[in-house]
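K.L.:
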Amino acid sequence: MADTPVPYVPYRLERTIEVPASLQDAWYSIATGEGITAWMLPASVDEFVGGRTYLNVDEVGGADSPGIVRAWDEPSYFVYEEYWATLAGKDQSRVTPLVNEFFLTTTDRDTRVIRVVTSAFGQGEAWERHFFEINMELGWGPLFEQLRLFLTHFPGERGARMFDHMAVSQASPTSAMATVLRSLGVDREGRQVKLHGFKGEVALLSDVHAVVLLDSPVHGMLSLQTFPDENTGAFIRMACHLYGAEAESHVKRESPVWGQWLKDLFPAAP
């Protein structure tokens, strides 16, 4: 049997944000399972080197992305690695693990800078390029704007609860997002909106990503994101992160409503 080729093609994604949060709150948001869940996806993190990480990348489908903590230097440096080929249904032995590095520093303005570097080596195969272009650049990358908003508007929040729902469409990602925004009456940043039982302000708006900061009846963030789906046209994801003592009861009540809304907006093909 031929030896497996040594991975030699580099892949890299880097994002940097600056936030007014405390060092403790910033570290919590990037290096703990509860903190990551508060702005991104359901997660768990063993807070020591060699510990396990789990990131639920598809809450509806039940797909987990397990990993290992490789560095834990609180409160400045956190590293974990994941098995991206396994997640994509490919041979992990042909690529290196996906390494996620989080650097946390303080500026002379007493703000925090979070720099995230995600890297791996592969063989240059089509699926690898697709993974980084779609999953990482278009899927993972924009989520750090949600981290910025979380640490700007909700620092110190603990015990977040969330729900998310997904759909696919034969339309392009921009067309699918336009359909979503029209349905919700979201047309510009700064606009006050009412969204199926929630009230809030549009904090971020682009052709493929929108975030509404919720202020009633509970505080939270509602995010809407579209990106290409290789089997159809667009993949649509909506996620809602809620904070405070009443968050769990609102999740139980609102999740079915939003799930049905998304299903009605993008009915499954017969």
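Using the numbering used here, you'd call the opening residue of the sequence shown number -8 and step up by one each time.
The beta-carbon is built from N, C-alpha and C at its ideal position, and this holds for glycine as well.
#1: Alpha carbon to alpha carbon, how far is F112 from H241? Give it in angstroms, no decimals.
#2: Please classify G52: does DSSP put it in a helix, a strand, or coil?
#3: Return the CA-CA distance between V248 and Q114, expressed in angstroms with no decimal places.
#4: Just to confirm, are A79 and V86 a CB contact at a threshold of 7 angstroms?
#5: Candidates I227, L215, S13: which alpha carbon is nearest R100's?
#6: Considering R17, what are the terminal residues of the alpha helix (DSSP H) in which it resides?
#7: Consult DSSP for R85 and reduce its assignment to one of helix, strand or coil.
#8: In whole angstroms, give me the CA-to-CA distance for V107 and Y71.
#9: Would H187 be called buried (16 or more neighbouring beta carbons within 10 Å of its own) or exposed?
#10: What do you get for G343, buried or exposed, if any count of 16 or more other CB atoms within 10 angstroms of its CB means buried?
#11: As a quick exercise: from A238, D198, P258, A169, pick the residue whose alpha carbon is nearest that of F189.
#12: Checking the sheet assignment: what are the DSSP bridge partners for A62?
#13: Any contact between the stretch 11 to 30 and the stretch 148 to 158? By contact I mean 3 or more CB pairs, one from each, below 8 angstroms.
#14: Taking the C-alpha atoms as reference points, what is the distance between S273 and D37?
#15: Tell me whether the beta-carbon of G250 lies closer than 7 angstroms to the beta-carbon of H232.
#16: Cutting at 7 angstroms between CB atoms, please list the residues of its own chain near G52, excluding the five before and the five after it.
#17: What residue range is occupied by the uninterrupted alpha helix (DSSP H) comprising I247?
#18: Taking the Cβ atom as the reference point for each residue, do V177 and A194 lie within a distance shorter than 7 angstroms?
#19: Measuring only the C-alpha atoms, how far is L140 from W18?
P.N.:
Taking the coordinates as given:
#1: 43 angstroms
#2: Here G52 scores only 43 on pLDDT, less than 50, and its place in the model is too uncertain to base an answer on.
#3: 44 angstroms
#4: no
#5: S13
#6: Looking at the sequence shown, residue 17 is not Arg but Ala. Note, A17: alpha helix (DSSP H), 14 to 22.
#7: The answer is helix: DSSP assigns R85 an H, G or I state.
#8: 11 angstroms
#9: Answer is exposed; the Cβ neighbour count stays below 16.
#10: This structure cannot speak to residue 343, because the chain is shown only from -8 to 261.
#11: A238
#12: V70
#13: Using a Cβ-Cβ distance cut-off of 8 angstroms, the stretch 11 to 30 and the stretch 148 to 158 are in contact, since at least three pairs of beta carbons, one from each stretch, lie closer than that value.
#14: Outside the displayed range of the chain (-8 to 261) lies residue 273, so it cannot be described from this structure.
#15: no
#16: With a pLDDT of 43 at G52, under the threshold of 50, the modelled position of this residue cannot be trusted; read the value that follows with caution. Nothing listed; no residue qualifies.
#17: The sequence given here places Pro at residue 247; Ile does not occur at that position. Residues 238 to 256.
#18: It is not a contact, given that the beta carbons lie outside the stated cut-off.
#19: Each residue's Cα considered, the two are about 15 angstroms apart.
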